[in-house]
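Let me begin by presenting the structure, written as structure tokens, before commenting on it.
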Amino acid sequence: MRIARLVGLCIAVVSCLAFPKVVSAGGAVELFGASSDLGNGLFGTVNQTTGIFSQRGTTPTGQQMPALACNAEQALFGAENRIVTAPMTAVGGGTRCGFLVRLDQSNGTVTQSFGFIALSGAPNSCLRISDFDFNPANGVLYGVGRTSTARDALYTISLTTPPIATQVGLLDPPCTTNCLERGGLAFRDDGALFLASIGDQLARLNPADASVIGSVLPLTECFDAASFRASDDQLYVAACDNGDLYTIDETTGTVTPLLVNAAEELGALAFCGDRGVIGGPTPTPTVPAPTATPTVPAPTATPPQTGPVAVPTMSGLAMAIFGLLLGAIAVLSILRVRG
486 MRIARLVGLC IAVVSCLAFP KVVSAGGAVE LFGASSDLGN GLFGTVNQTT GIFSQRGTTP
546 TGQQMPALAC NAEQALFGAE NRIVTAPMTA VGGGTRCGFL VRLDQSNGTV TQSFGFIALS
606 GAPNSCLRIS DFDFNPANGV LYGVGRTSTA RDALYTISLT TPPIATQVGL LDPPCTTNCL
666 ERGGLAFRDD GALFLASIGD QLARLNPADA SVIGSVLPLT ECFDAASFRA SDDQLYVAAC
726 DNGDLYTIDE TTGTVTPLLV NAAEELGALA FCGDRGVIGG PTPTPTVPAP TATPTVPAPT
786 ATPPQTGPVA VPTMSGLAMA IFGLLLGAIA VLSILRVRG
């Protein structure tokens, strides 16, 4: 009887050690939103099921923030439309340009200011960005905005001071009439780039030259904010002028309402907590590269007590305990026979 109990105990202990519970080490995946109201800019999160906005703070100067994006390090960036003064002028007209900042996700305050987004090769010219997102293939920030009063374009934007926008190409370069316009820009986690346009259209863009891949799909609404949730590649968008929230099937263009008659007019959306890269270095790697000197010392006869102590793996610990218990069972069996 004692031997049977010991065997049962052994099996229970080994089972607990060999099959531990899996606990996710990642943080929460949040959908951030920023207001498109001039002079009343709000910052907060959006409920991914109901679409309801919860305020956490305001935009840096209370102005509209039409662009939000998280990079692979889960750092949140935004572009707030601020008034420019001479000699700086806005490309395509107007008096406002995008001012690039890094934001504290808890309250929307600025943790780093980069400045007005300047146009490469055009001194004292700046861009009013409609939306931007980080390319998971290389960590580069892409944005859409005006290039003239008649056409919009795709740009790359450097994280420098000041940030420099370099034109990749006009949206749908060969177009001559009814061309694609700016709107919500979002990268899928496989590197595919989509534009939900203010012209009620959905298009997949080539990040190399802004040309359209496949067909342009008609939409039932005008959209100016977009972001993909990486876990299921669900595309979230916000409508122009009213902030109503929808999801879009990017393969068919089917639009599904998430929240209509929204209480807050959102002009920007960005998922954080699930961003990543599909290849190439990240802008600021968080994991150090391997070095010639291991961080954990090799086992010795007398392990040093000042450094980290090597901990057996779960499977090794289970096998050690299993061996000890089997030895105890064998000893008890011998004693019982002799008795």
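Following the working numbering, the numbering of the sequence shown begins with 486 at its first residue and continues without gaps.
For every residue, glycine included, the Cβ atom is placed at its ideal position computed from N, Cα and C.
Asked, Found
"So if DSSP puts ILE698 in a beta bridge, which residue, or which two residues, is it bridged to?", "ARG689"
"Which residues in the same chain have their Cβ closer than 7 Å to the Cβ of ALA677, if we skip the five residues on either side of it in sequence?", "ARG689"
"Output yes or no for whether 9 Å exceeds the beta carbon distance between ARG631 and GLY593.", "no"
"Could you pull the start and end residues of the beta strand (DSSP E) that ALA711 belongs to?", "708-714"
"List the endpoints of the continuous beta strand (DSSP E) containing GLY577.", "Where GLY577 is concerned, there is no enclosing beta strand (DSSP E), given that its DSSP letter is neither H nor E."
"With DSSP as the reference, label ALA795 as helix, strand or coil.", "Interpretation of ALA795 is limited by its pLDDT of 40, a score under 50 that renders its predicted location unreliable; no figure is taken from the coordinates."
"Is the stretch 606-613 touching the stretch 565-578 in the sense that three or more CB pairs, one from each, lie closer than 8 Å?", "yes"
"Quick one: what does DSSP say GLN533 is sitting in, helix, strand or coil?", "coil"
"Please state whether DSSP places VAL629 in a helix, a strand or coil.", "strand"
"Which term fits GLY825, buried or exposed, when burial requires 16 or more other beta carbons within 10 angstroms of its beta carbon?", "Missing from the structure shown is residue 825; the chain here goes from 486 to 824 and no further."
"Taking the CB atoms as reference points, tell me whether LEU516 and SER712 lie closer together than 9 Å.", "yes"
"Using CA atoms only, rank isn't needed, just tell me which of LEU588, PHE756, THR646, PHE528 is closest to ASP718.", "PHE756"
"Using only the alpha-carbon positions, how far apart do GLY579 and PHE601 sit?", "14 Å"
"If you follow the beta strand (DSSP E) that ARG541 is part of, which residue opens it and which one closes it?", "538-543"
"Can you find the residues in the same chain that come closer than 8 Å, C-beta to C-beta, to LEU665, ignoring five residues on each side of it along the sequence?", "ASP637, LEU656, ASP657, LEU680, SER682, GLY684, GLN686, ALA688, VAL697, VAL701"
"For a cutoff of 9 Å on Cβ pairs, would you count PRO647 as touching chain B?", "No chain B is present in this structure, which holds just one protein chain."
"In the structure shown, what three-state DSSP assignment does PRO608 receive?", "coil"
"Using a Cβ-Cβ cut-off of 6 Å (strictly less than) and excluding sequence neighbours within five positions of ASP694, which residues of its own chain qualify?", "GLY654"
"When DSSP builds the beta bridges, which residues end up paired with GLU515?", "CYS757"
"For ILE763, which of helix, strand or coil comes out of DSSP?", "coil"
"Should ASP692 be labelled buried (16 or more other beta-carbon atoms within 10 Å of its own) or exposed?", "According to the sequence provided, residue 692 is Pro. The question's Asp does not apply to it. Under this definition PRO692 is a buried residue."
"Looking at C-alpha atoms only, which residue of ASP675, ALA753, GLN559 is the closest neighbour of VAL629?", "ALA753"
"Tell me the rounded alpha-carbon separation between THR736 and GLU706.", "17 Å"
"For ASP616, count neighbouring Cβ atoms within 10 angstroms of its own Cβ and tell me buried if that reaches 16, exposed if not.", "buried"
"Would you kindly work out how many angstroms separate the C-alpha atoms of PRO621 and GLY536, rounded to a whole number?", "25 Å"
"Who are GLU833's beta bridge partners in DSSP?", "No information on residue 833 is available, as it lies outside the stretch 486 to 824 that the chain covers here."
"Given GLU750, which residues of its chain have a CB within under 8 Å of its CB, disregarding the five upstream and five downstream residues?", "SER520, SER521, ASP522, ASP726, ASN727, GLY728"
"What do you reckon, are the CB atoms on LEU744 and ALA671 nearer than 9 Å?", "no"
"Secondary structure at VAL653, three-state DSSP: helix, strand or coil?", "strand"
"Can THR530 and PHE538 be called in contact, C-beta distance under 9 Å?", "yes"
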